[in-house]
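Quick notes on the structure that follows.
And the structure:
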């Protein structure tokens, strides 16, 4: 992972490019942790050689896994970072593209980068936190906290 | 809807999280109106329990409605806000994901949030306005105005 | 193409709206060049009346072309700008939507705008550069350069 921290006024922007075959969600979390970024918008484009996406099942209250094998374009990777249990936690959704332009998408559980992923992590606040939501069983961003 | 206004230099960022079952486009417009934001970039991820998307028909010059029923991941919600008739008007497009990773997308006419939607509204200017376009019959952003 | 340059602290934001039937990637590159923007995040929504998408073939090490004919919604256009050979070069991925909400996506090789495309180009640094990658044969962003 190569990272560059840029400053614009009192806000920081990280440009993060994981290495080939590095896992994207972990790389994003690690870069945010190393630079002390606790609340951010995340966008990225690039490619994965494989990925695992998720769909949240409302009844079972857990993510169903959608494995994606083979090289895909990362058409959109969008999300945010907030703090949970003292660590920056990325919440990322992805739309992936196959050879014929067909798409598959979900909550990004993991993605193996190839040949590149160009992440732009834009700090939006000193801190945003998450809170456990009893109805869904998920830990969700709480901007009022 | 819970909203947090953050400042970075002379630009503001709103983090907007609608309540469960709140309509997303109206929530985005209301948050922008309450905070006096007249020109912004919008990104979001989260989930909808139902939505209505649109496809612009060039001949009939109106949106065809694409109803989406059942829980979907909001894989990408992307767009902007500009002022029309004195009010901030969101222009949002969405890609939604089903249980098997299949996607459906369009102009976001309405979306019912569940369990969350994490909107990041980044002010880009004091104001951007829209102007009626006779060829399409649409009101379109005019950055030169 | 109509462009407006906005300043926020020491960072600039371009709002770029190509003309009807203008090619989107060239318009984005031209706007960045005219305003001296060498490193940026790009997001956009709008419509294309036709487009050519790409899928990177790992074996042949070149993009396979995916022609998209007919009016489509630009559901997400996401990417960045970095400098290559002295010129700002957009790297853009797109997800496009058809009348029934079906999607097609890829690396954006070209897109013919109709009726509008609302590009938001947010400067992230004085400069980001690209470097030739021997394994893929591509020129990739190098944030450490």
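Chains as they are written, first to last, in our numbering: chain A, 9 to 153; chain B, 9 to 153; chain C, 9 to 153.
The beta-carbon is built from N, C-alpha and C at its ideal position, and this holds for glycine as well.
Query, Result
"I want to verify the contact list: residues of chain A whose CB lies under 8 Å from the CB of residue 114 (chain C), in sequence order.", "81, 83, 105 and 109"
"At the 8 Å Cβ level, is residue 38 (chain B) part of the contact set with chain C, yes or no?", "no"
"Can you check whether the C-beta of residue 152 (chain B) is within less than 8 Å of a C-beta belonging to chain C?", "yes"
"What is the DSSP secondary structure of residue 97 (chain C), reduced to helix, strand or coil?", "strand"
"Do the CB positions of residue 61 (chain B) and residue 100 (chain B) come within less than 8 Å of each other?", "no"
"Tell me which residues of the segment 117-142 of chain B have at least one Cβ-Cβ distance to chain A shorter than 7 Å, keeping chain order.", "123, 124, 126 and 128"
"May I ask you to list the residues that DSSP assigns as paired with residue 128 (chain B)?", "B:23 and B:51"
"Which residue from A:21, A:30 and A:38 puts its Cα closest to that of residue 131 (chain A)?", "A:21"
"Residue 126 (chain A): beta carbon under 7 Å from a heavy atom of the ligand FMN?", "Inclusion of the ligand FMN in the displayed structure is not the case, the ligand content being empty and no account of it being possible."
"Let me check understanding here. Comparing Cα to Cα, which of B:41, B:86, B:59 and B:47 lies closest to residue 53 (chain B)?", "B:86"
"Can you list, in chain order, the residues of its chain with a C-beta nearer than 8 Å to that of residue 31 (chain A)? Leave out the 5 residues immediately preceding and following it.", "118, 119, 120 and 121"
"Please report whether the beta-carbon of residue 66 (chain C) lies at a distance below 8 Å from any beta-carbon of chain A.", "yes"
"Name the chain C residues that come within less than 7 Å of residue 25 (chain A), Cβ to Cβ?", "149 and 151"
"Specify whether the segment 135-147 of chain C and the segment 139-149 of chain B touch according to this definition: at least 3 beta carbon pairs, one from each stretch, less than 8 Å apart.", "no"
"At a CB-CB cut-off below 7 Å, which residues of chain B make contact with residue 14 (chain C)?", "132 and 133"
"Can you list the residues of chain A that residue 53 (chain B) reaches, using a CB-CB cut of under 9 Å?", "86, 87, 88, 99, 100, 101 and 115"
"I'd like the list of long-range same chain contacts for residue 137 (chain C), defined as Cβ closer than 7 Å, with 5 residues on each side in sequence excluded.", "90, 91, 150 and 153"
"On the DSSP bridge assignment, give the partners of residue 140 (chain C) in chain order.", "C:147"
"Going by the CB atoms, is the gap between residue 129 (chain C) and residue 59 (chain C) shorter than 8 Å?", "no"
"Could you check if residue 139 (chain A) is buried or exposed, using at least 16 other CB atoms within 10 Å of its CB as the buried criterion?", "exposed"
"Does residue 10 (chain C) come within less than 8 Å of chain B when only Cβ atoms are used?", "yes"
"Among B:109, B:71 and B:33, whose alpha-carbon lies nearest the alpha-carbon of residue 63 (chain B)?", "B:71"
"Could you check the C-alpha separation between residue 23 (chain B) and residue 11 (chain B) for me, to the nearest Å?", "6 Å"
"So is residue 21 (chain C) in contact with chain B if we call contact Cβ pairs under 8 Å?", "yes"
"Between the alpha carbons of residue 110 (chain C) and residue 113 (chain B), how many angstroms are there, rounded?", "7 Å"
"The alpha helix (DSSP H) spanning residue 42 (chain B) covers which residue range?", "32-42"
"Since residue 103 (chain B) contacts residue 80 (chain A) with CB under 8 Å, what's their CB separation in whole angstroms?", "Actually they are not in contact, since the Cβ atoms of residue 103 (chain B) and residue 80 (chain A) sit about 15 Å apart, beyond 8 Å."
"Go through its chain and collect everything with a Cβ distance to residue 65 (chain C)'s Cβ below 6 Å, but skip five positions before and after it.", "72"
"Below 8 Å on the Cβ atoms is my contact criterion, and I expect residue 25 (chain C) with residue 125 (chain C) to pass it. Report the Cβ-Cβ distance as a whole number of Å.", "7 Å"
"Candidates C:44, C:106 and C:28: which alpha carbon is nearest residue 76 (chain C)'s?", "C:106"
"Give me the DSSP bridge partner(s) of residue 84 (chain A).", "A:103"
"Once the 5 residues before and after residue 74 (chain B) are set aside, which same chain residues still bring their CB inside 6 Å of it?", "61 and 114"
"Could one say the Cβ of residue 144 (chain B) lies closer than 8 Å to chain C's Cβ atoms, at least one of them?", "yes"
"Taking 8 Å as the CB-CB limit, is residue 45 (chain C) close to chain A?", "no"
"Taking Cβ positions only, does residue 72 (chain B) come closer than 8 Å to chain F?", "In the displayed structure, chain F is absent; the protein chains listed are A, B and C."
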